[in-house]
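Numbers in the working numbering are just positions in the sequence shown, counted from 1, shifted up by 1009. Take a look at the structure set out below.
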Amino acid sequence: MSQAEPHLQEVPFPILEEFEDAGPLVGILIGSESDRELIEPAVEELNERAISNELQVLSAHRDPRGVAEYGSTAALRGVRVIIAGAGMSAALPGAVAAYTELPVIGVPLTSSKSAAGGLDSILAIVQMPPGVPVACVSLNGARNAAILAAKILAQGGGYPGTPSPPPLTA
Ligand code: AIR
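Structure below.
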């Protein structure tokens, strides 16, 4: 980077510095290291389909700024769908959805500390307020989240900002 490019010297979002290349198509977030095993089927499914992905641990409650930063920069980096899994008071899918126009698929996860066997995280993800939608797969439904992400990506044309295809004529 040369002195003649001062605008390139400041990175407004520190999280961007962690990524050398363009982002993957699917960003996977989990609220804790303890969720890793349950989200692994999503990574496997995406890898089997050769869909680029990344996995980050980001807690909506323990690192809200990190979630805001991730959500604010994901589309800029090329991410097209976000999968977010968390247990307990699972705010992560909704919190990241508040910062991005990308579709967010929530995965309610069981944790050793779950109430009602994971119903706590199901309700936290499903009960989003009007205007901020989050899709929700089944409890521990990481593989389904990846399949749904693949279907969204397969709609063609990319997202957001690309024009719709012309209407089908008889
Ligand atoms: N969690 C972490 N921050 C906010 C939430 N809801 C969730 C994690 C995990 C559970 O809390 O997603 O499922 C327990 O996390 P830990 O780190 O205590 O094992």
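Just so you know, even glycine gets a beta-carbon here, dropped at the ideal spot from N, CA and C. Just so we're clear, the structure is a prediction, and the values are computed from it rather than from any experiment.
Same chain only: Cβ atoms within 7 Å of residue i, ignoring 5 sequence neighbours per side
i: D1129; result: M1097, S1098, S1123
i: R1045; result: I1039
i: L1148; result: P1117, T1119, G1127, I1131
i: I1060; result: L1034, V1035, A1159, L1162
Neighbourhood of residue i by C-beta, 8 Å cutoff - its chain only, sequence neighbours within 5 removed
i: A1084; result: T1109, E1110, L1111, P1169
i: P1073; result: A1104
CB of residue i within 7 Å of CB of residue j, strictly
i: I1156; j: G1094; result: no
i: N1153; j: V1143; result: no
i: G1036; j: E1063; result: yes
i: A1051; j: A1151; result: yes
i: A1069; j: L1034; result: no
i: S1066; j: E1042; result: It is worth fixing the name first, because residue 1066 is Val in this sequence and not Ser. Contact: yes.
i: G1103; j: M1137; result: yes
Beta-carbon contacts of residue i that lie in its chain and below 6 Å, excluding the five residues immediately before and after
i: P1176; result: none
i: G1182; result: The shown model of the chain, from 1010 to 1179, leaves out residue 1182, and the question about it has no answer.
Any C-beta of chain C under 7 Å from that of residue i
i: P1138; result: Although the question refers to chain C, the structure presented lacks it and comprises just one protein chain.
Environment of residue i [buried if 16+ CB atoms lie within 10 Å]
i: R1089; result: buried
i: G1032; result: buried
i: A1082; result: Checking the displayed sequence, the identity of residue 1082 turns out to be Thr instead of Ala. So T1082 ends up on the buried side.
field: Any 3 or more C-beta pairs closer than 8 Å across the region 1055 to 1062 and the region 1103 to 1116
entry: no
task: Spell out a yes or no on whether the region 1153 to 1167 and the region 1131 to 1142 are touching, meaning 3 or more CB-CB pairs, one atom from each, closer than 8 Å.
output: no
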